[in-house]
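Per the working numbering, residue 34 is the first one in the sequence shown, and the count goes up by one each step.
Note that the Cβ used here is the ideal one computed from N, Cα and C, for glycine as well.
Here the structure is a predicted model, which means the values were calculated and not measured.
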Amino acid sequence: MKYSFNTWAFSSYPNWLPAYPIEEVIRRLSVLGYDAVELGCTAPHAWPDFMDKQDRKALLSFVKAHNMVFSTLLPVTGVAAGANPASANARERAWTVKHLCDICDLAADLECRQILYVPGFFIYGTRREDAWRWALESLTAIGQHAQRLGIRLLIEPTPSDANLVETLDDAKELRAQSGLDNVDLMFDVAHALFRAEQPEDYVRLYGADIRHIHLSDYNRMAPGDSGYDFTEMMQALKDISFDGYLTMEAAFTKRSEQPFTAARRAIEYLRGIEATLR
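Listed below in structure tokens is the structure:
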């Protein structure tokens, strides 16, 4: 298995603290044995407007020097400016498309070939079919830009946070309608648990479509810290020969989190399970 850790836990999203320079994050995750970093695109790490070509070149050199890569880039969605591809506000949608295209450019500069696409949400008074159309239009525009750069977009269903794309079936439908061959799917264990579904079922039913996975336990705690047994899911991943990244998106919901401790516990727990698989 290949392990990655998302940098929300070390940045200003959704809390200002705790926060660390990205170089310190990379250095410590490397020591813990992670293969990659999922770069959350927010200050102080990877807001594209705050990183010029020299910054990007230096960061790429740094991650390579620590024998790691950037598994994925993850835009911020649903806070501050919104970055909502399905917004009823046309100016917000236009800004979102530009912002995600800028993140595609950043991904290319960092030799990362995947960014996540959260289709967004619709507010009271908006029809679902209109929001779906706007999300699809946004996806198509971003996807075409990404395609020119050799970047893949991974649609993420987010039922615990949003109301438009809630299942992998929804994501598959949106992908099909885009007509783009650089659009794929990913899934997040936290959202499966929110729907009281079994994450291992997602793997067995949709494994051929899944390129990336977010891991966390209940309440966004690190895997192994809150009661979900990842053994069956890990066995399913082995059975389908999953070769994407298992990315911890955990330990970032409050200032009192201990993100480096969570990162250590998570990889130790999952590697322990991996050693027992059939």
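How many Å lie between residue i and residue j at the Cα?
| i | j | result |
| --- | --- | --- |
| Thr40 | His224 | 19 Å |
| Glu307 | Leu62 | 19 Å |
| Ala114 | Ile55 | 23 Å |
| Arg185 | Tyr261 | 30 Å |
| Asn196 | Gln147 | 24 Å |
| Arg311 | Asp163 | 47 Å |
| Met267 | Gln87 | 40 Å |
| Met101 | Cys145 | 11 Å |
| Trp128 | His78 | 20 Å |
| Leu305 | His99 | One point to set straight first is that residue 305 is Gly, not Leu, in the sequence displayed. If I take the Cα positions, the gap works out to 24 Å. |
| Ala52 | Gly111 | 20 Å |
| Ile59 | Leu65 | 10 Å |
| Ser274 | Leu207 | 26 Å |
Counting only the same chain and skipping the five closest in sequence on each side, list residues whose C-beta sits under 6 Å from that of residue i.
| i | result |
| --- | --- |
| Phe38 | Leu62, Tyr67, Met281, Ala296 |
| Pro292 | Ala42, Phe43, Ala284 |
| Tyr302 | Pro256, Gly257 |
| Lys35 | Asp68, Tyr278 |
| Asp272 | none |
| Leu213 | Gly176 |
Determine the burial state of residue i: buried for a count of at least 16 other Cβ atoms within 10 Å of its Cβ, exposed for fewer.
| i | result |
| --- | --- |
| Trp49 | exposed |
| Phe103 | buried |
| Val96 | buried |
| Ser105 | In the sequence as displayed, the identity of residue 105 is Thr instead of Ser. Buried is the call here. |
| Phe314 | This structure does not reach residue 314, given that the chain is present from 34 up to 311, and the question cannot be answered. |
| Tyr251 | exposed |
| Leu238 | exposed |
| Thr191 | buried |
| Ala229 | exposed |
Helix, strand or coil for residue i? Go by DSSP, reduced to three states.
| i | result |
| --- | --- |
| Cys137 | helix |
| Ser94 | helix |
| Pro256 | coil |
| Gly183 | coil |
| Lys271 | helix |
| Gly66 | coil |
| Phe293 | helix |
| Ser171 | helix |
| Ile243 | strand |
| Phe220 | strand |
| Ser104 | strand |
| Leu317 | Shown here, the chain extends from 34 to 311; a query on residue 317 therefore has no answer. |
| Met266 | helix |
Within its chain, find whatever has a CB closer than 8 Å to the CB of residue i; leave out the 5 residues flanking it on each side and keep chain order.
| i | result |
| --- | --- |
| Tyr235 | Leu201, Phe220, Ala225, Ile243 |
| Arg89 | Leu139, Asp142, Leu143 |
| Cys137 | Ile148, Ile175, His178, Ala179, Leu182, Ile184 |
| Pro81 | Cys74, His132, Asp135, Ile136, Asp138, Leu139 |
Do residue i and residue j have their C-beta atoms closer together than 7 Å?
| i | j | result |
| --- | --- | --- |
| Pro152 | Val198 | yes |
| Ala121 | Thr173 | no |
| Phe155 | Ala116 | no |
| Arg124 | Trp167 | no |
| Leu107 | Glu57 | no |
| Val130 | Tyr46 | no |
| Thr294 | Arg253 | no |
| Val222 | Leu248 | yes |
| Leu218 | Ala204 | yes |
| Ser171 | Phe227 | no |
Please return the same chain residues whose Cβ sits closer than 7 Å to the Cβ of residue i, not counting the five positions on each side in sequence.
| i | result |
| --- | --- |
| Gln210 | Leu169 |
| Arg298 | Ala255, Gly257, Asp258 |
Are any of the Cβ atoms in chain B nearer than 7 Å to that of residue i?
| i | result |
| --- | --- |
| Ala255 | Absent from the structure: chain B. Only one protein chain is present. |
Run the proximity test for residue i: is its beta-carbon closer than 6 Å to any non-hydrogen atom belonging to the ligand GTP?
| i | result |
| --- | --- |
| His132 | Ligands are entirely absent from the displayed structure, and the ligand GTP is therefore not among its contents. |
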